[in-house]
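Working notes, structure below.
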Amino acid sequence: MSSRNALVRRTSGSRGDGEATAPPSEHGHEPPWWSLSPERARTLLLVAARPTICGLAATVLLVLVVMLTTDTDLTSAPGAVAATWLAAHQVPLTVGRTTLGVLPLVPTMILVLMAARECARAVPRRPSPVDLGWLAGAVLAGPLLMTAVCLAVTGDAAGVTPLEPPGPVTAFGWVLVLYLGAAAGGIATRAWPSVCALLPVEIPAWAVLGARAARRTVLRMLGCAALATAVSFFLHLSRLDGAYDQAHNVTDVLGMTLLSLLYLPNVVIAAAGMLCGAPVQFGAGSVGLFGVTAGPVPALPALIPLPEGPSAAWWPVLLLIPIAVGVLGGIELGRTSDDRPGAPWATLTSAALSTLIFLVLAILGGGQLGAVGRAGVDLLMLVVLMVTWFGFGGFVGMFFARRFLAPAAPADDYDEYDDTYADHDDFDDEYDDEDDYYYDDEDEPDYDDDDDSAVEVDAELVTDFDDDVEVSIAAPGSTAPPTDDIVDAEVVESDLPESDKSTGR
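Below, the structure written as C-alpha cells:
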C-alpha cells in the first residue's frame, strides 16, 4: 500500500507533536486568585487608570479655561479642580453656608459610561468569579484613589476658599455606588450569559423579558419627556431674555448656556416625572399637572420650559403618555412572553424595574439648591404613579395582545446585549495580549475548533482495487471488504507556525 494511502489525524488537544494537552485544572496548575501575571496587571491598570486620567484631564482643562476667561487668580485652581471632580460624582458641595446638591448629570454620565466601556473591553471570553472580582476592583480603584486625593485637597484649600470639604462617607459612598453600577453594566453587557451561569439560581425567562421591556419603557418615557421639554421650550421662548438678565458679557452668556446644557438631563428626568403626575418641587413651590404653587425658581435658561401657573384644564391629558408607554410595553410582552391575565409576571417585572430606574434617576437629578431648598421630583408620588401607569397600561396591552394579536417569534434573550458594545471590536487588538492572562501559554488547553490553519487535501478517487489483501481505511489491518468507492487522500497542513512541531505526516 502506497504512502499516499496513509491517513494521519491529529489527536484532539494536541499541537502537532502527538501529545494531548490537558486543561490546566486536570494538572492542578490553576493559579490562585491573588496571583497577578504582568499581562493581567497591565490590563487591570488600564481599567483603573484610563477613565480616571481622562476625567481628571478634562476637569483640569475646564477649570483652567473658566478661570482664565474670568480673570480668576490661579492660586485657587487645585481646590476648584478637586471640587469639580467631586461635583461630577454627585457629591454635594458646601460653599460658605450654601449647600449645592443639585448637580449636573452630563459629567456623571460621561464618567460612568467611560468606566463601563473600559470594563467591558477587558472582560475575558470565559470569565470566572475571580476574573470578575478583579475587574470590579480595578474599576473602583482609580476613582476611589482620586476621590481621596480631592478630599485632602479641599481640606487644605478650606483656609483659602470658602469651600468646605464634604464628609468622607458621603464622597466615597457616591463614588462606590456609581462605579459599582458601571462595573456591573460593563460586565453584564459583555458577558451576560456567563454571569447568569455563575449565579446560584436560574433566572426565569419572564424576568429576563421583563428587564428588557423595562429598558425599552425607560427609553421611551425619556424620549417623550425630551420631546415635551423641547415643545415647552419653544412655547416659552419669550422668556429667553429674562433668563440671561444676570449675564453681563459674552463670557457670562456662554457660561450660562454651557451650564444649562449640562443640566439638560436633570430637566428631562423632572419632565418625565411631571408627565406621570408627580409635582416638581422648588423649595416651597411646586409645578405639576394638577396645580402650581408659587415659589422661587433659579434664573437659568435650562428652566425656560418650566410651565407657569395657574395650571390649565387640559394638562391632565398628558397622563395618557405614560399610560400609552405602558400599553406599548404590555403589547410587546403579550406577544413574546407566556404572560396571561392570571399571571402577568413579566409585565409586573417591567413596571417595577422601570419605576426603580426612574427613582434612581430622580434621586441623582435632585437635591438641595442653596436657599431655595430641595429641588426635584416628589419621589413618593413618582413611585406610586409610575407603578400604577406602567402596571395598568402594561396589563391592558398584554391582555389586548393575547386576545387579538398573533404571538411573535421569541427573540434571543441576549440579542440586545450583543449589540451594545459591538464597537468594542475595534479595540480588541489592544487587549489581545491581556486576554491571555487568564491562561498561561503552557497550561491553556488546545481546542481543535479554534484551529484556523489552512488544510490542503490532495485526493484521488480509486475505483479499482487489485490487491490480494484488501485493507479497510476505517480499520487498518482488517480483512473486511472495503466499500465500493475508496478515497486515496493525503492531508497537508500548510503555513504552520515556525517551531519544532511536526507537520503530522
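Using my numbering, you'd call the opening residue of the sequence shown number 971 and step up by one each time.
Ideal placement from N, C-alpha and C gives every residue a C-beta, glycine not left out.
query	result
Beta-carbon spacing of phenylalanine 1365, proline 1314 below 7 Å	yes
Touching by the beta-carbon criterion (3+ pairs, under 8 Å), the segment 1072–1082 and the segment 1056–1063	yes
Through-space distance from alanine 1167 to alanine 1445, alpha-carbon basis	Since pLDDT at alanine 1445 reaches only 48, below the 50 mark, its modelled position is unreliable, and no value is offered.
Option in Ala1294, Ala1154, Thr1068 and Ala1092 with minimal Cα separation from leucine 1133	Thr1068
Coil, strand or helix - alanine 1345 by DSSP	strand
Cα-Cα separation, cysteine 1246 to methionine 1356	6 Å
Close beta carbons around aspartate 1215, own chain, < 8 Å, minus the five adjacent residues each side	Ala1269
Assigned secondary structure, alanine 1181 (DSSP; H/G/I helix, E/B strand, else coil)	helix
Local conformation of phenylalanine 1260 per DSSP, three classes	coil
Neighbour-count burial assignment, tryptophan 1284, 16 or more Cβ in a 10 Å radius	exposed
DSSP-derived helix/strand/coil call for valine 1478	The first residue shown for the chain is 971 and the last is 1475, placing residue 1478 beyond what the model contains.
Strand pairing of leucine 1232, partner residues [DSSP]	Partner(s): none; leucine 1232 has no beta bridge.
Cα-Cα separation between cysteine 1194 and leucine 1038, rounded to whole angstroms	39 Å
Run of the beta strand (DSSP E) containing leucine 1070, from where it starts to where it stops	1068–1070
Between the CA atoms of leucine 1179 and threonine 1319 - distance to the nearest angstrom	9 Å
Chain-order list of residues whose beta-carbon lies under 6 Å from that of alanine 1240 (same chain, five-residue window excluded)	Val1250 and Val1347
Same chain, Cβ closer than 7 Å to valine 1061, neighbours up to 5 away in sequence not counted	Pro1136, Thr1140, Ala1141 and Trp1144
Start and end residues, alpha helix (DSSP H) containing leucine 1303	1290–1306
Rounded separation between alanine 1085 and glycine 1103 - CA only	15 Å
Which residues DSSP lists as bridging glutamine 1338, in chain order	Arg1344
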